[in-house]
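Following my numbering, the residues of the sequence shown are numbered contiguously, the last one being 325. Written below as structure tokens is the structure these notes are about.
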Amino acid sequence: YQKDLAICERVLGTEHPSTGTCYNNLASVYQKLGDYAKALEYYQKDLAICERVLGTEHPSTAISYNNLAGVYQKLGDYAKAGKFYKDALAVFQAKLGLQHPNTTYVQDQIEALKGQDLF
Numbered sequence: 207y208q209k210d211l212a213i214c215e216r217v218l219g220t221e222h223p224s225t226g227t228c229y230n231n232l233a234s235v236y237q238k239l240g241d242y243a244k245a246l247e248y249y250q251k252d253l254a255i256c257e258r259v260l261g262t263e264h265p266s267t268a269i270s271y272n273n274l275a276g277v278y279q280k281l282g283d284y285a286k287a288g289k290f291y292k293d294a295l296a297v298f299q300a301k302l303g304l305q306h307p308n309t310t311y312v313q314d315q316i317e318a319l320k321g322q323d324l325f
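Below, the structure written as structure tokens:
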């Protein structure tokens, strides 16, 4: 993934959605390894590209919101997790509909946080 990111940055530039995907992929690896600081760093880079290039109402941006929410949830920052889950949910509902798997997944995450009185 690091080699892929280097190629994307060199060939496509740092503002291209595919470069954002590379950041997202690296973040996912760091998250799985438990390096949440690195995961946040790369997810935030992906989100910045998505918001600037695709806009805040794009499903790919909502995926970025969801991914950040997951890291904040792991870190125990339930307020931030809830905020990003809510942002993701709003986009998924508007763009993908109420029955889409992404929508229902985020709804379940929000309900789990509420059910545990975490936000």
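Glycine is no exception: its CB is placed at the ideal position from the N, C-alpha and C atoms.
Would Gln322 be called buried (16 or more neighbouring beta carbons within 10 Å of its own) or exposed?
-> exposed
Can you give me the Cβ contacts of Gln313 inside the same chain, cut-off strictly under 8 Å, excluding the 5 residues immediately before and after it?
-> Leu295
Among Gln279, Ala275, Glu221 and Leu232, which residue has its Cα nearest to the Cα of Lys209?
-> Leu232
Between Tyr236 and the rest of its own chain, which residues show a CB-CB distance below 6 Å, the 5 nearest in sequence each way excluded?
-> Lys244 and Ala245
Pull up the distance between the alpha-carbon of Leu304 and that of Thr310, whole angstroms please.
-> 7 Å
Which whole-angstrom value is the C-beta distance of Glu221 and Arg258, which I expect to be below 8 Å?
-> 7 Å
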